[in-house]
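Peer 1: Counting in this note's numbering, the sequence shown runs from 60 upward without gaps.
Glycine residues also receive a C-beta, built at the ideal position from the N, C-alpha and C atoms.
This structure is a prediction, so every number in the text was calculated from the model and none was measured.
Before I ask anything, here is the structure I am working with.
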Amino acid sequence: MLLELKNLMVSYKTREGRVLAVDKVSLPVEEKKTLGLVGESGCGKSTLGGAILGILPRETKITGKAIFNGTDLISMPSKELRFIRGKDISMIFQDPMTSLNPVMKLRDHFLETIFTHTKTSKEDAIAMAEQALKEVGISSNRLNDYPFQLSGGMRQRVMIALSLVLNPKLVIADEPTTSLDVIVQAQILQLLKGLQEKFKMAMILITHDL
């Protein structure tokens, strides 16, 4: 078992008191398998992904366990979790335009991710970025582009490439086709399926749309 959630509960602090967003969720994520989380908007799917990665607001209350490779992520100190996040577990966010820094070139997004987790040389890091873009069907000469120069579908492909560049064991895809037209949605889902099979990674696919 790669990841096992045990009685995971998440609540947010509001003016009216705490609001329960995730209520006693227990589920397994097996190695090299895809787990689908389906539910209407606002039911706590994205909150669940954020709890696993430790990226929810500081005042959020999280109880239960998220056992990843034998270690509980919920009780793990934030400094240690930072080394896992982006390397062993990565996330594809809903809206790439807000997830990508508009004043950073694509190259710098990749270099930041790679240098945070490895001691790779700049030359090798750029080669890794070029290969990651190739895997999602984007030419390496787009590394010097800014996010606004890409279409919505291409930005989402870049987000997928960023999530894969360090060969994670688990990818959390949070509504990866939101705001894309139907044809591009199908292309992105097919791309994710192919990459999951090729790289033998586990995936949690979050969606509200069957």
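So for K72, helix, strand or coil by DSSP?
Peer 2: Looking up residue 72 in the sequence shown gives position 13. Looking at K72 - three-state DSSP - the assignment turns out to be strand.
Peer 1: Going by C-alpha to C-alpha distance, which of I126, F142 and E118 sits closest to R74?
Peer 2: As a position in the sequence shown, residue 74 is number 15, starting the count at 1. Checking every option, the nearest Cα to that of R74 belongs to E118.
Peer 1: If distances are taken between C-alpha atoms only, which option among S210, P136 and E99 comes closest to I111?
Peer 2: Stepping through the sequence shown from its first residue, residue 111 is reached at position 52. Out of S210, P136 and E99, P136 has the C-alpha closest to the C-alpha of I111.
Peer 1: Enumerated in chain order, which unbroken segments of the alpha helix (DSSP H) with a length of 4 residues or greater are wholly contained in the stretch 101-172?
Peer 2: Runs of the alpha helix (DSSP H) inside the stretch 101-172: 104-112, 137-143 and 155-158.
Peer 1: Please name the residue, chosen from V81, I151 and S158, that lies closest to I121 on a Cα-to-Cα basis.
Peer 2: Indexing the sequence shown from 1 puts residue 121 at position 62. Closest option to I121, Cα to Cα, is V81.
Peer 1: What does DSSP give as the partner residues of P87 in its beta bridges?
Peer 2: Within the sequence shown, numbered from 1, the residue matching residue 87 stands at position 28. In DSSP, P87 forms a bridge with E63.
Peer 1: I133: which of M213, V241, S100 and G108 sits nearest, CA to CA?
Peer 2: On the sequence shown, position 74 is the one that residue 133 refers to. Nearest C-alpha to I133: G108.
Peer 1: So, are the CB atoms of L96 and I263 less than 8 angstroms apart?
Peer 2: As a first step, residue 96 is located in the sequence shown; it is residue number 37 there, counting from the start. As a first step, residue 263 is located in the sequence shown; it is residue number 204 there, counting from the start. Result yes, Cβ atoms of L96 and I263 sit closer than 8 angstroms.
Peer 1: Could you tell me whether the Cβ atoms of G98 and K104 are closer together than 8 angstroms?
Peer 2: Here residue 98 refers to the residue found at position 39 when the sequence shown is read from its first residue. Here residue 104 refers to the residue found at position 45 when the sequence shown is read from its first residue. Yes, these two residues count as a Cβ contact at 8 angstroms.
Peer 1: Please give me, in chain order, every unbroken run of the alpha helix (DSSP H) with length at least 4 that falls completely inside the stretch 179-267.
Peer 2: Counting whole runs of 4 or more residues, the stretch 179-267 contains the alpha helix (DSSP H) stretches 181-194, 211-223 and 241-258.
Peer 1: Quick one: what does DSSP say T175 is sitting in, helix, strand or coil?
Peer 2: Looking up residue 175 in the sequence shown gives position 116. It is helical.
Peer 1: Could you tell me the boundaries of the beta strand (DSSP E) in which G98 lies?
Peer 2: Taking the first residue of the sequence shown as 1, we reach residue 98 at position 39. Note, G98: premise wrong, no beta strand (DSSP E); not H, not E.
Peer 1: Please classify G101 as buried or exposed, where buried requires at least 16 other C-beta atoms within 10 Å of its C-beta.
Peer 2: The sequence position of residue 101 within the sequence shown is 42, counting from 1. Counting Cβ neighbours within 10 Å, G101 comes out exposed, since fewer than 16 surround it.
Peer 1: Give a yes or no on contact between the stretch 216-223 and the stretch 140-157, applying the rule of three or more CB pairs nearer than 8 angstroms.
Peer 2: At 8 angstroms Cβ cutoff, the stretches touch.
Peer 1: Suppose the cutoff is 8 angstroms on Cβ atoms and the five residues either side in sequence are ignored; what does the same chain contact list for E89 look like?
Peer 2: By 1-based counting over the sequence shown, the position of residue 89 is 30. Within the same chain, E89 has close Cβ partners M60, L61 and A261.
Peer 1: If you compare alpha carbons, which of P87, V69 and E182 is closest to L79?
Peer 2: Here the question's residue 79 lines up with position 20 in the sequence shown. Answer by Cα proximity: V69.
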